[in-house]
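Scroll down for the structure; my scribbles are underneath it.
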């Protein structure tokens, strides 16, 4: 079984290039099926989730042509099946984006109920509420969800919570509905805006993305286009906190600094030096770090996907910090692994109370989900001694060449597949 072998204690130093945003790529790939013309998508991250989604698209008849590792041409004119299923696609949350895309174009879709990381309940009730408002009937049976409508009509939809997934699904469906749709209390995340920009490039009429009110005038058809996906703010933030936790000096390139403001502000608050450039951010941790309080919120608040990374960093900071998770209830499952490395963290309900310790020590740990897995790698990089991280398939769902990028920053990390390879790594690092 693949695992990361890590010898910690080295500050990360250098430059790292950030790839395309996974959370933007997934709905954009699904939305590319809404036109019969060819779409070229560039800056696509080459990670497990995007590859699984592309395989699912091919399975229902889409033509998928990889131009290179980060560019793909998609043509949805020959789709012959409106049912998306299979063990692989069931394991990723983004499978439900086929609902909005296929319902919008074909007025029917059946999709296996989605999985993804076990970080808490991610209900689809707001998706269903919105689809029904647009005139669709929705049925859940045998692990599948089906949405169908003779015709979709624009509607006024108020989301009970600012759900990213529901906002994205309803934007897609409403783009090809008759008349005008208004989505209130819409999610404002950068990947919501990126999807709106992509749909508009295809000929949709969407206004207000990035605010809490999105207005959509339905169109009859969409056309082909070329589009470049935004950089991944979560990958960028992960490397920013890796620099802080290892007391390093890292320049994170190919980013949109505006998307990173909540992350940057916390790094400044705990004592890092952060320099912003047009498309890069430099993080320097040259002095002892301090404590802070954090509450995860919808954008532009502090991202829930960055919560494990900041907890790992605060665990090595002076004083007592408090981190409150307000989005997902199971997001502290990694804390037990951190405690095995010497962390002083107590979880009470949705709050972690973190007493800073001078150091972590190496251990054999397991990645419980995507972001926590990346955070545990950061902990191992900062720790004294040797660590192994198992279940790295979770990490590879959302981070491309994670260990290779860390190696370029001076990390002693490798991916090993056997006890023999692990022993070779130990011999190599001495």
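Residue numbers (my numbering): 221 to 650. Think of the CB as a built atom: it goes at the ideal place given N, C-alpha and C, for glycine as much as any other residue.
Nearest residue (CA-CA) to residue i, options the options
i, options, result
"residue 592", "648, 291, 455 and 353", "455"
"residue 225", "638, 634 and 370", "634"
"residue 493", "478, 227, 228 and 510", "510"
"residue 422", "491, 254, 243 and 639", "254"
"residue 555", "548, 532 and 539", "532"
"residue 559", "574, 568 and 437", "574"
"residue 550", "461, 568, 534 and 247", "568"
"residue 244", "572, 419 and 527", "419"
"residue 344", "466, 515 and 384", "384"
"residue 362", "370, 334, 354 and 373", "334"
"residue 298", "287, 277, 286 and 425", "277"
"residue 309", "489, 246, 601 and 546", "246"
"residue 631", "611, 642 and 603", "603"
"residue 395", "380, 424 and 388", "424"
"residue 374", "622, 282, 584 and 440", "440"
"residue 414", "285, 538 and 251", "251"
"residue 417", "284, 515, 229 and 450", "450"
"residue 508", "563, 482, 523 and 537", "537"
Continuous alpha helix (DSSP H) stretch holding residue i: start and end
i, result
"residue 421", "410 to 421"
"residue 460", "453 to 465"
"residue 628", "622 to 628"
"residue 391", "384 to 395"
"residue 533", "527 to 534"
"residue 277", "268 to 279"
"residue 327", "Careful: residue 327 lies outside any alpha helix (DSSP H) and carries neither H nor E."
Residue i burial status per 10 Å Cβ neighbour count (16 or more: buried)
i, result
"residue 221", "exposed"
"residue 401", "buried"
"residue 458", "buried"
"residue 411", "buried"
"residue 497", "exposed"
"residue 270", "buried"
"residue 557", "buried"
"residue 643", "exposed"
"residue 540", "exposed"
"residue 380", "exposed"
"residue 528", "buried"
"residue 495", "exposed"
"residue 339", "Because the pLDDT at residue 339 is just 47, under 50, the model does not fix this residue reliably, and the value given afterwards should be weighed accordingly. Burial call: buried."
"residue 584", "exposed"
"residue 616", "buried"
Contact belief for residue i with residue j at Cβ below 8 Å, rounded distance in angstroms
i, j, result
"residue 350", "residue 390", "4 Å"
"residue 238", "residue 472", "6 Å"
"residue 267", "residue 620", "5 Å"
"residue 232", "residue 468", "4 Å"
"residue 499", "residue 470", "Contact doesn't hold; Cβ gap of about 15 Å is too wide."
"residue 392", "residue 320", "4 Å"
"residue 486", "residue 530", "6 Å"
Continuous beta strand (DSSP E) stretch holding residue i: start and end
i, result
"residue 479", "Counting along the chain, residue 479 falls outside any beta strand (DSSP E), and DSSP gives it neither H nor E."
"residue 250", "Where residue 250 is concerned, there is no enclosing beta strand (DSSP E), although the alpha helix (DSSP H) it sits in stretches over 242 to 251."
"residue 644", "Note, residue 644: premise wrong, no beta strand (DSSP E); alpha helix (DSSP H) at 639 to 649."
"residue 557", "No beta strand (DSSP E) contains residue 557, which is instead part of the alpha helix (DSSP H) from 555 to 560."
"residue 445", "445 to 448"
"residue 291", "291 to 295"
"residue 427", "425 to 427"
"residue 433", "433 to 437"
Where residue i sits in the DSSP three-state scheme
i, result
"residue 571", "strand"
"residue 587", "coil"
"residue 300", "coil"
"residue 376", "strand"
"residue 340", "Its pLDDT being 46, under 50, residue 340 is placed unreliably in this model, and the coordinates cannot settle the point."
"residue 521", "coil"
"residue 500", "strand"
"residue 254", "helix"
"residue 224", "strand"
"residue 381", "coil"
"residue 366", "strand"
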